[in-house]
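I have placed the structure first, in the form of C-alpha cells, so that the comments after it can refer back to it.
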Amino acid sequence: MPATPAWPPESLPRLFVETSLSEGIEIDLPKNQAHYVGTVMRRQFGDALLLFDGEHGEWRGEIVEVAKKRARLRVTGQTRPQEAATGLTLAFAPIKKQRIDFLIEKAVELGVETLQPVLTQRTIASRIGEDRIRAHIVEAAEQCGRTAIAELKQPVRLKQWLIERTSEPLYFADENGGAPALESFRAPPATILVGPEGGFTDEEREMIHAEEAAVAISLGPRILRAETAALAAVTAYMASAGDWTD
1 MPATPAWPPE SLPRLFVETS LSEGIEIDLP KNQAHYVGTV MRRQFGDALL
51 LFDGEHGEWR GEIVEVAKKR ARLRVTGQTR PQEAATGLTL AFAPIKKQRI
101 DFLIEKAVEL GVETLQPVLT QRTIASRIGE DRIRAHIVEA AEQCGRTAIA
151 ELKQPVRLKQ WLIERTSEPL YFADENGGAP ALESFRAPPA TILVGPEGGF
201 TDEEREMIHA EEAAVAISLG PRILRAETAA LAAVTAYMAS AGDWTD
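So the sequence shown is numbered by full-length UniProt numbering: it starts at 1 and just counts up by one.
What follows is the structure, encoded as C-alpha cells:
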C-alpha cells in the first residue's frame with residue numbers, strides 16, 4: 001500500500017514492504033508503491049526512504065532506479081529495532097464503515113497488537129471489508145512510526161470466541177457498570193472487549209461474566225459511542241501499562 005503523506009516535508013516517507021529486510025538487499029516495489037514514490041512524492045535517484053516489514057525493525061533505503069511505475073531500492077542500514085509486542089487485543093463489534101475505519105486507524109496508532117471483530121446479537125454490520133481494513137492498518141502503521149503490523153482476525157460469533165479464546169484477562173466495557181478501568185488493569189497480555197452500538201444483551205453479558213478471566217470495567221459517567229469506548233479503554237490500558245513513559 002502507498003504510505004500516507006502525513007509526515008512533515010523534511011521527514012522521510014515510510015513504506016511497509018512484504019520483503020524481509022536486511023542490509024544490502026535490493027527491492028523492486030510493486031507498481032502502486034513505485035507510482036507513489038516516483039510520481040506522487042516525486043522522489044528521485046539517490047533519495048532515501050524508511051522501510052519496515054513488520055518483523056525486523058525499521059530500515060533506511062536508497063532509490064537506485066525510479067520510473068513512472070517502477071522503483072528499486074537498496075537497503076543501506078537499520079534505523080530502529082523491532083518494537084516490543086504490546087500484548088493487547090481489541091475485540092470489538094463491527095460498526096458502520098466510516099466509524100470502523102476511524103477505530104482501526106486509532107487503535108493501530110495507540111499500539112493494539114491484535115484486532116478481533118466479534119459478532120453480537122445487536123451487531124449492525126456483519127461484514128467489515130477485510131481488505132479495506134488491512135489497508136488502513138498498514139497506512140496507520142506507516143504514518144505513526146510503528147514497526148509491527150496489527151493482526152486482523154476473522155470475525156467470529158461472541159459465544160464461539162468466548163469458548164475458544166485464551167486465558168489472559170478479559171476487560172469488557174460494561175454499560176451496566178464495573179470497576180474503574182485504571183484500577184482494574186494488570187500487566188499484558190490482555191484483551192479489551194467492547195460491544196455494539198446498542199450494547200450487549202443480558203444473555204451476552206451473563207456469558208461474559210461467566211468467564212473466569214472477565215473483569216467488567218467502567219469508562220466513566222457518560223454514554224460513549226462504540227468507537228469512543230474502545231479507544232478510551234485502549235488509551236487507559238496503554239497508559240497503565242507504561243506505554244507513555246518513554
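Just so it is clear, CB atoms sit at the ideal spot from N, CA and C, and this is done for glycine as well.
Just so it is clear, the structure is predicted and the values come from calculations on it, not from any experiment.
Taking each of P117, S11 and A71 in turn and checking the Cα distance to I27, the smallest one comes out for A71.
Closest by C-alpha distance to L15, out of I149, A229 and A85, is I149. Each residue's CA atom was taken as its position, placing A125 and A226 some 13 Å apart. Within the region 200 to 245, the runs of alpha helix (DSSP H) that reach at least 4 residues and sit entirely inside it are, in chain order, 202 to 209 and 226 to 240. The beta strand (DSSP E) runs of length 3 or more contained entirely in the region 30 to 116 are, from start to end of the chain, 48 to 52, 58 to 67, 70 to 80 and 88 to 92. The beta carbon of T120 is closer than 7 Å to those of A93, L158, G195, P196, F200 and E204 in its chain, skipping five residues each way along the sequence.
Under the three-state reduction of DSSP, I27 is assigned to strand. Around the C-beta of A213, fewer than 16 other C-beta atoms lie within 10 Å, and the residue is accordingly described as exposed. For R134, the uninterrupted alpha helix (DSSP H) segment begins and ends at E130 to C144.
Under the three-state reduction of DSSP output, A148 falls in the coil class, being neither helix nor strand. By the criterion of a C-beta distance shorter than 7 Å, E211 is surrounded in its chain by L162 and L170, once the five residues flanking it on both sides are discounted. The beta-carbon distance between G24 and V66, rounded to whole angstroms, is 19 Å. This is too long to meet the 8 Å contact definition. Short of 7 Å from the beta carbon of I133, and not among the five residues preceding or following it, lie these beta carbons of its own chain, in chain order: I104 and L152. Apart from sequence neighbours up to five positions away, the residues of its chain that approach M41 with a beta-carbon distance below 7 Å are P13, ordered along the chain. Under the three-state reduction of DSSP output, L158 falls in the helix class. Inter-segment contact for the region 215 to 231 and the region 82 to 93 is present: three or more beta-carbon pairs are separated by less than 8 Å. Here Q116 is buried: its Cβ has 16 or more other Cβ atoms, across all protein chains shown, within 10 Å. Burial state of Q98 is exposed, judged by a 10 Å Cβ sphere holding fewer than 16 other Cβ atoms. The alpha-carbon separation between V138 and I100 amounts to approximately 15 Å. Residue environment for D131: exposed (fewer than 16 other C-beta atoms within 10 angstroms of its C-beta). With respect to the 9 Å criterion, I223 and A216 are not classified as neighbours on the basis of their beta carbons.
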